[in-house]
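J.: The structure is given below, and queries will be raised subsequently.
In the numbering used here, the protein residues as written are 311 to 868.
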């Protein structure tokens, strides 16, 4: 044998022996044979093969070989006797070869001790796995990458009621079809069973045609990085689902009852809120009426006081005016008498004339003659003004009079303007643009109170100096009179509240918040309305619009 052939044999991990059949002697052995059996190569060449293969079947085989019966053996397990008397488990093959015209037996034996240990461990693991699969509470199905059923436990076959003949015949396709047919959503189940190499774990709830409910979880089975199958776990959650559905139904019924009860409570609360708002509205109206009554009574008291004052002033003014008229006549007569005396001065003696001229010079008779007439004229004019103010005060003071009468609103505005003039003259210049409106049937004293509130508010809106413009006009159906000022104006967000009782934009102590509320009530009961236009920083305009046809007007305080 060449050294190259020897090198090749020595690098084989298996035992290689060449046996001469006549004497059953080993004529060649490789290095692995000596290492595994514990002999040197020289010792092996002196041994018959029966010293190594000593089992009964091996003895019979080699005896047949000695007798000329050469049989090939493939992958037969056996025991080899080692030098230390131990036994080596091998898997051997025997082939008949010819060399130089004579037969030889080539033995190739592989040490299977580690494989046996691995197989035993694998068998134990498989046994444990089978026990685990059978003892688990889930039905387990394993499908390989080719779509064939690799394994299943008894619980799985019982859950899906798989017939015994399908299991025995391993009719995998029929078993998987049977599983899909039992599910309501059979397409979902079929797609899950076919998605073997999907890397995503899945979790589904499958409802069966017979009413049962299974929870199905699946995950891929890996061999290294390669997917070789898929494991499915089925859990019967029928009872749990029924309990959950019962709980949901109970909860839904409870929620429905709660909603019904809540609706009833909300309706009751809405009724209570409506009643509360109605009561609050009644209380507000009552307070408004009470405050308007107090304001009206206050104005009536002021009117009575003003009437008394006017009456008391009117008496002395009357006789003073009468006396001044008489005095004016007396003065005129005395001045004529003095003129007559002056004509006689030329007839008097010089000494008397000189004395008279000296006296006239001392008293400045010429100035007195002119000035006394002027003084009397001015005094009479002043008394006429006092009489007009007293008359306006008397007209304005009739706030307790609720009878309707035909009146001119412009005249009422003039009377009111005279009454409040002291409030206006230091802050505003009053511009009048009357439109010669026709008289209407109304309660003049009440409308005068409205005009007074508008004029006073206009004066208060002007911080330093400004202009108050009074306009009037009419058409076929109504008359109007407005008061415009160049004051600070009203913010848009406050316009909707200015007629509320007690609402005021004035500083504390300067307003009660009842003036516009009372004015609104008076105008409203005359069948009219108040229009407001205001811009911050430019001023406000309040227009009182009243119908020309008479309306039934009650006391504004009622």
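Virtual Cβ for every residue (Gly too), placed ideally from N, Cα, C.
When DSSP builds the beta bridges, which residues end up paired with residue 788?
T.: Answer by DSSP bridge pairing, in chain order: 857.
J.: I'd like to confirm the pairing. Which residues does DSSP put opposite residue 752 in its beta bridges?
T.: The secondary-structure analysis by DSSP pairs residue 752 across a beta bridge with 715.
J.: 9 Å is my cut-off, CB to CB: does residue 541 come that close to chain C?
T.: You won't find chain C in this structure, because it holds only one protein chain.
J.: Alpha carbons only, please: which of 842, 665, 356 and 388 is nearest the one belonging to residue 805?
T.: Out of 842, 665, 356 and 388, 842 has the C-alpha closest to the C-alpha of residue 805.
J.: How is residue 330 classed by DSSP in three states: helix, strand or coil?
T.: Per DSSP, reduced to three states, the secondary structure at residue 330 is strand.
J.: Pairing CB atoms from the segment 761-780 with CB atoms from the segment 738-745, are three or more of them under 8 Å?
T.: Flag = yes, the segment 761-780 and the segment 738-745 touch.
J.: State yes or no: is the C-beta of residue 340 within less than 9 Å of the C-beta of residue 368?
T.: no
J.: Which stretch, first to last residue, makes up the beta strand (DSSP E) that contains residue 356?
T.: Membership of residue 356 in any beta strand (DSSP E) is not indicated, and neither H nor E is assigned to it by DSSP.
J.: Rounding to the nearest angstrom, what Cα-Cα distance links residue 372 and residue 352 in this structure?
T.: 22 Å
J.: Candidates 538, 542, 377 and 509: which alpha carbon is nearest residue 525's?
T.: 542
J.: Might you give, ordered along the chain, the residues of its own chain that have their beta carbon closer than 6 Å to the beta carbon of residue 349, omitting 5 neighbours on each side?
T.: 393
J.: Tell me the DSSP secondary structure of residue 408 in three-state form.
T.: strand
J.: Is it right to say residue 848 is buried, meaning 16 or more other beta carbons lie within 10 angstroms of its own, or is it exposed?
T.: Counting every other CB atom within 10 Å of its CB across the protein chains shown gives residue 848 a total below 16, marking it as exposed.
J.: So, with DSSP's three-state summary, where would you put residue 689?
T.: Of the three classes helix, strand and coil, the one that applies to residue 689 here is helix, per DSSP.
J.: Would you kindly work out how many angstroms separate the C-alpha atoms of residue 468 and residue 407, rounded to a whole number?
T.: 58 Å
J.: Label residue 850 either buried or exposed according to how many other C-beta atoms from any shown protein chain fall within 10 Å of its C-beta, with 16 as the threshold for buried.
T.: buried
J.: Looking at C-alpha atoms only, which residue of 403, 332, 456 and 412 is the closest neighbour of residue 377?
T.: 332
J.: Residues in the same chain with beta-carbon distance under 6 Å from residue 855, minus the five sequence neighbours each way, listed in chain order, please.
T.: 788, 790, 838 and 839
J.: Between residue 386 and residue 361, how many whole angstroms is the CB-CB distance? I'm expecting something under 8 Å.
T.: Actually they do not touch by this definition, with Cβ atoms about 19 Å apart.
J.: Nearest-angstrom Cα distance between residue 438 and residue 520?
T.: 34 Å
J.: Quick one: residues in its chain with C-beta nearer than 6 Å to the C-beta of residue 517, no 5 flanking neighbours on either side, listed in chain order?
T.: Excluding residues within five positions, the ones whose Cβ falls inside 6 Å are 494 and 523.
J.: Going by DSSP, what residue range makes up the beta strand (DSSP E) through residue 803?
T.: Premise fails: residue 803 is in no beta strand (DSSP E) and is neither H nor E.
J.: What's the call for residue 405, buried or exposed, on a 16-neighbour Cβ count within 10 Å?
T.: exposed
J.: Would you mind giving the Cβ-Cβ distance between residue 724 and residue 766, rounded to the nearest angstrom? I have them listed as a contact below 8 Å.
T.: In fact, because the Cβ distance is near 16 Å, the residues do not count as touching under 8 Å.
J.: What's the C-alpha gap between residue 457 and residue 550?
T.: 32 Å
J.: Note down the Cα distance separating residue 484 from residue 503, rounded to an integer number of angstroms.
T.: As the crow flies, the alpha-carbon of residue 484 is around 13 Å from that of residue 503.
J.: For residue 449, collect the residues of the same chain with a Cβ closer than 6 Å to its Cβ; drop the 5 residues on either side in sequence, then sort them by chain order.
T.: 465, 466, 469 and 544
J.: Take the Cβ of residue 329 as the centre, count every other Cβ of all protein chains shown within 10 Å, and call the residue buried at 16 or more, exposed below.
T.: buried
J.: Measure from the alpha carbon of residue 846 to the alpha carbon of each residue in 834, 835, 807 and 799, then state which is nearest.
T.: 799
J.: My assumption, with CB atoms under 8 Å, is that residue 832 sits in contact with residue 760. Please give the rounded CB distance.
T.: Between residue 832 and residue 760, the beta carbon gap of about 5 Å places them in contact (Cβ cut-off 8 Å).
J.: Assuming residue 315 is part of the alpha helix (DSSP H), what are its boundary residues?
T.: 313-320
J.: Shortest alpha-carbon distance to residue 326 belongs to which of 314, 313 and 345?
T.: Among 314, 313 and 345, the Cα nearest to that of residue 326 belongs to 345.
J.: Quick check: residue 276 and residue 337, are their CB atoms within less than 9 Å of each other?
T.: One cannot answer for residue 276 here, as it falls past the ends of the chain, which runs 311 to 868.
J.: Suppose you measure from the CA of residue 679 to the CA of residue 693; what does that come to, to the nearest Å?
T.: 22 Å
J.: How many angstroms separate the CA atom of residue 533 from the CA atom of residue 335?
T.: 47 Å
J.: Give every residue of the same chain whose Cβ lies closer than 7 Å to the Cβ of residue 546, excluding the five residues on either side of it in the sequence, and list them in chain order.
T.: 469, 522 and 524
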